[in-house]
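Some notes on the structure that comes next.
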């Protein structure tokens, strides 16, 4: 090669790199810890499914925004009848599915009929039980009639479980998802990554990104290396113990927010001695939340005093109901007839926050005389024992469903809380549409379960994202499960 | 020779049948309802029951076992309950990563381990021998996931010569695929190379004291010539056994290394399938591993017998 050609080549190379540097990148690689088992959010509960597809590939009639508020989605507007039983949705015109077929009212009807069908495997089928009928008025108008008013109806149809699917493609969505969202599915290299590309004919605002890959990296060390080496551009929720590597590194930003996960020391309320209020109060006094949060989640996460997300405007701070007080706890135990304490088992699912919290709580309980035997189990076993068979004393788990205080109104639920007053309140709340009245009711409910010390209320799980410092538009909190790509863009 | 072959092959088939029964039984006894796992904590009992029915979990165990066995004979490993795809397809996809990874690791361990073993044997008792054997001892002791992380830190994070992990499908960019396999196969190969070096050294030292080497020397060969012509060939017998065992060991070792390098291999497939209670997938994939490992043993046995005819008679 002559000197001249090599110089020209070098110059060309230089120009190409500077041109690339000038243009904004429009691709992103996001590391996620869990690979979704399938890509159909209406047939499985795995959070990993929604992380990839929610609001990216699939959309619902409405969508949940980054603050947890309901926004228009495929329905541009809606009206509600005075009795709260009839919703009329006006659909967007010109919407197409990624296979080119048109979206209309028939697809909406198909979607909800499918959820409600006898053989439906929708994980959240019960949420949609109030739907009595779905009627097509005209191609762009749908009526949904409820059998009873449901204050959470709009929120629920904005979840991943109620995204709109087409009759032609619904059966294949597990492996070849076809939705109406801003990104279309391109390929899934199993065990490795899922690739999405911007959908050209998308009906709404064009996103800044043209291509997004979700890369599956289960190992924390491997994820750290991939971030450091620039093999991925970010991850939405990273292990707290790895965060110090990125804090203070100007190439990264750590985005700290909260999830909808209330982490509780779930207590078997139907079993002695936990059926005794004094015992539950004693346990509540024995808990030191600060210490648990410090030890189990490295200080990330917000203390909670009831089963409600602190970032919700209706949250009541009840963390002071039973302050950490060892003497008080001992006195209450003595009053309850357990002057020397008692022994119990604490079953722990295989998640770090539960295993670590469990050890700390065991030592805190030991101080007041309650001896805990820690039983580790893997997740399927835990679901079977604790959740299905209710064979447990205590356990630790984060309830990640948004707005799930209603589980306390179900006496058959695994922690077995049976309070008719609370159940009546929950019924009233469900039937109430007025916002101020809903706030009053839901705060009353929070107070009741806090005072009854149904479970030990520990902390709200944090969401700790690590991202390239040049990225903007990621959600700090996760009011619903999902990594929504819509607003993510590169700066500079 | 034919009787020997038949005997060995019958043993192989029996072994597979027994393994299938054990795998099925063990997994069937595992607690935890797959349907409940897929649908999660707050799923309605209705939905769980519907999914159980769909997944065919309600049939009697013996019926399911025979169905599974019959299916496999025809190449049908069933359909994964979580991924809704044929198990056979999933396994083949993953073998496209795990097999090249294992073979590459084998090659590297042989290329590095055997010459070092020969060198150590030639320099027996000298400083070079001691140094090599200390190195080999360290190589055996270092866990491969740790060595993998070290390699990543140096070659991927700091130097950025190679990716930290992940995998591009072969048909998309085979150079990229190969690049992704370099660090993981090195991590896998290190302990194997160390073991090979030690075995080679011991075997060769043993052989060097034998009569036929002395005869060869007496006929005027130099020590090096005698070792190359007669020594190494004879020392290879024990090495062959170790190689067979190592292959099985490597396949198992890939589970950890595939995690460290987030490679879409068979190990990670099984690992995830177990946590997700995808029993059909776990069974199928475990069966494939059993076949690979027992087939390797069979091949090792046969090669051994072919190299050393005396064994045919004794076996």
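Chains as they are written, first to last, in UniProt numbering: chain A, 1 to 492; chain B, 1 to 315. The C-beta atom is built at its ideal place from N, Cα and C for all residues, glycine as well.
Assigned secondary structure, residue i (DSSP; H/G/I helix, E/B strand, else coil)
i: residue 353 of chain A; result: helix
i: residue 143 of chain A; result: strand
i: residue 79 of chain A; result: strand
i: residue 55 of chain A; result: coil
i: residue 460 of chain A; result: strand
i: residue 71 of chain A; result: strand
i: residue 408 of chain A; result: helix
i: residue 21 of chain A; result: Only weak support exists for where residue 21 of chain A lies, its pLDDT of 48 falling under 50; the coordinates are left without a value.
i: residue 268 of chain A; result: coil
i: residue 249 of chain A; result: coil
i: residue 473 of chain A; result: coil
i: residue 188 of chain A; result: strand
i: residue 158 of chain B; result: helix
i: residue 272 of chain B; result: helix
i: residue 37 of chain B; result: helix
i: residue 256 of chain B; result: helix
i: residue 245 of chain B; result: helix
i: residue 3 of chain B; result: helix
i: residue 179 of chain B; result: helix
i: residue 61 of chain A; result: coil
Burial state of residue i, where buried means 16 or more other Cβ atoms lie within 10 Å
i: residue 9 of chain A; result: With a pLDDT of only 49 at residue 9 of chain A, under the threshold of 50, the placement of this residue in the model should not be trusted; the figure read from the coordinates follows. Residue 9 of chain A comes out exposed.
i: residue 299 of chain B; result: exposed
i: residue 158 of chain B; result: exposed
i: residue 389 of chain A; result: exposed
i: residue 244 of chain B; result: buried
i: residue 227 of chain B; result: buried
i: residue 161 of chain B; result: exposed
i: residue 29 of chain A; result: buried
i: residue 81 of chain B; result: buried
i: residue 491 of chain A; result: exposed
i: residue 426 of chain A; result: buried
i: residue 478 of chain A; result: buried
i: residue 174 of chain B; result: exposed
i: residue 259 of chain B; result: buried
i: residue 402 of chain A; result: buried
i: residue 251 of chain A; result: exposed
i: residue 374 of chain A; result: exposed
i: residue 48 of chain B; result: buried
i: residue 171 of chain B; result: exposed
i: residue 486 of chain A; result: buried
i: residue 155 of chain A; result: buried
Residue i: first and last residue of the uninterrupted beta strand (DSSP E) it sits in
i: residue 103 of chain B; result: Looking at the DSSP string, residue 103 of chain B is not in any beta strand (DSSP E); the run it does join, the alpha helix (DSSP H), is 87-122.
i: residue 397 of chain A; result: 394-399
i: residue 213 of chain A; result: 211-216
i: residue 304 of chain A; result: Taken as a continuous stretch (DSSP letters only), residue 304 of chain A belongs to no beta strand (DSSP E), as it is neither H nor E.
i: residue 30 of chain A; result: 27-32
i: residue 436 of chain A; result: Here residue 436 of chain A belongs to no beta strand (DSSP E); instead the alpha helix (DSSP H) covers 435-451.
Neighbourhood of residue i by C-beta, 7 Å cutoff - its chain only, sequence neighbours within 5 removed
i: residue 27 of chain B; result: 279, 282 and 283
i: residue 342 of chain A; result: 273 and 370
i: residue 231 of chain B; result: 204, 207, 208 and 213
i: residue 253 of chain B; result: 144 and 188
i: residue 71 of chain B; result: 77 and 78
Bounding residues of the alpha helix (DSSP H) (the contiguous stretch that carries residue i)
i: residue 292 of chain B; result: 279-307
i: residue 343 of chain A; result: Residue 343 of chain A -> not in any alpha helix (DSSP H); beta strand (DSSP E) instead, spanning 343-348.
i: residue 290 of chain A; result: 289-297
i: residue 117 of chain A; result: Here residue 117 of chain A belongs to no alpha helix (DSSP H), and DSSP marks it neither H nor E.
i: residue 63 of chain B; result: 61-73
Own chain, CB closer than 8 Å to residue i, minus 5 neighbours either side, in chain order
i: residue 21 of chain B; result: 65
Same chain, Cβ closer than 6 Å to residue i, five either side skipped, listed in chain order
i: residue 98 of chain B; result: 254, 265 and 266
i: residue 34 of chain A; result: 48
i: residue 162 of chain A; result: 60
i: residue 382 of chain A; result: 349
Note down, in chain order, all residues in the stretch 216-235 of chain A with a beta-carbon under 7 Å from any beta-carbon belonging to chain B. Here the close residues are 216, 217, 218, 219, 221, 222, 225, 226, 228, 229 and 231.
May I ask you to list, following chain order, the residues of the stretch 171-200 of chain A that have a beta carbon less than 8 Å from some beta carbon of chain B? Cβ contacts with chain B come from 174, 175, 189, 190, 191, 192 and 193.
Any residues in the stretch 38-65 of chain B with a beta carbon nearer than 7 Å to a beta carbon of chain A? Which ones, in chain order? Answer in chain order: 38, 39, 40, 41, 42, 43, 44, 46, 47, 50, 51 and 54.
If contact means a Cβ-Cβ distance below 9 Å, which residues of the stretch 67-98 of chain B contact chain A? Cβ proximity to chain A below 9 Å picks out 80, 81, 82, 83, 84, 85, 90, 93, 94 and 97 from the stretch 67-98 of chain B.
For the stretch 17-35 of chain B, enumerate the residues whose C-beta is nearer than 9 Å to any C-beta of chain A, in chain order. From the stretch 17-35 of chain B, only 30, 31, 32, 33, 34 and 35 have a Cβ closer than 9 Å to chain A.
Pull out every residue of the stretch 118-149 of chain A whose Cβ sits closer than 9 Å to any Cβ of chain B, in chain order. Cβ proximity to chain B below 9 Å picks out 118, 119, 120, 121, 122, 123, 124, 125, 126, 127 and 129 from the stretch 118-149 of chain A.
Quick one: which residues of the stretch 22-42 of chain A get their C-beta closer than 7 Å to a C-beta of chain B? List them in chain order. Of all residues in the stretch 22-42 of chain A, only 35, 37 and 38 come within less than 7 Å of chain B when Cβ atoms are compared, listed by chain position.
With 8 Å as the C-beta to C-beta threshold (strictly closer), list the residues of the stretch 251-284 of chain B near chain A in chain order. Those residues of the stretch 251-284 of chain B that come within reach of chain A (Cβ to Cβ, closer than 8 Å) are 259, 260, 261, 262, 263, 264, 265, 268, 269, 272, 275, 276, 277 and 278.
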